[in-house]
Amino acid sequence: MLRVIAIFAFALCQAGVVMSHWTGLYVECLCHEPTGPSVCASDFHTYTDACLLDCHRRRTGDFELHVVYNGPCEDLFNLMYEQQNYTPYLPYLLGSITEK
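Heads up: the sequence shown runs through residues -20 to -1, 1 to 80, numbered per mature numbering (1 follows the signal peptide of the UniProt record, and there is no 0).
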């Protein structure tokens, strides 16, 4: 029976399925090759892929950690910066000019 489980686990690993389990006080995560794009997590760290992010969540116990952007955090920060190329007080200034 144990041999069947080992063969099944090996097949899952070869298929790229994430495997993690408790070994005492340590969570063992097996992430082979990156399975997707890098991801930006809610802690604003870039992880190689969602598998490594999930392993970090399990190891630290931070189960509120989640993906906020599919891509590196640097790309997210650049997008946020590009979308803020406006004068924040312009509507206020225009409103005060047109009222006079």
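We put the beta carbon where it would ideally sit given N, CA and C, even for glycine.
Remember, predicted model here, so these are calculated numbers, not experimental data.
In whole angstroms, what separates the C-alpha of residue i from that of residue j?
i, j, result
"T28", "Q64", "28 Å"
"N50", "P14", "13 Å"
"C53", "F43", "19 Å"
"H12", "G41", "22 Å"
Buried or exposed, going by whether 16 or more other CB atoms sit within 10 Å of the CB of residue i?
i, result
"V48", "exposed"
"R39", "exposed"
"L32", "buried"
"Y61", "exposed"
"F(-11)", "At F(-11), the pLDDT of 43 sits below 50, so the modelled position is not reliable and the matter cannot be decided from this model."
For residue i versus residue j, is the C-beta spacing smaller than 7 Å?
i, j, result
"L56", "S22", "no"
Comparing alpha-carbon positions, which option in the options lies nearest residue i?
i, options, result
"L10", "P17, V19 and H36", "H36"
"N17", "A30, N58 and E8", "In the sequence as displayed, the identity of residue 17 is Pro instead of Asn. The shortest Cα separation from P17 among A30, N58 and E8 belongs to A30."
"L59", "C20, H12 and E8", "C20"
In the DSSP assignment, find the beta strand (DSSP E) that holds residue i and state where it starts and stops.
i, result
"C20", "V19 to A21"
Return the first residue and the last residue of the alpha helix (DSSP H) that residue i is part of.
i, result
"L46", "The question names Leu, but residue 46 in the sequence shown is His. Taken as a continuous stretch (DSSP letters only), H46 belongs to no alpha helix (DSSP H), as it is neither H nor E."
"N58", "C53 to E62"
"D34", "A30 to T40"
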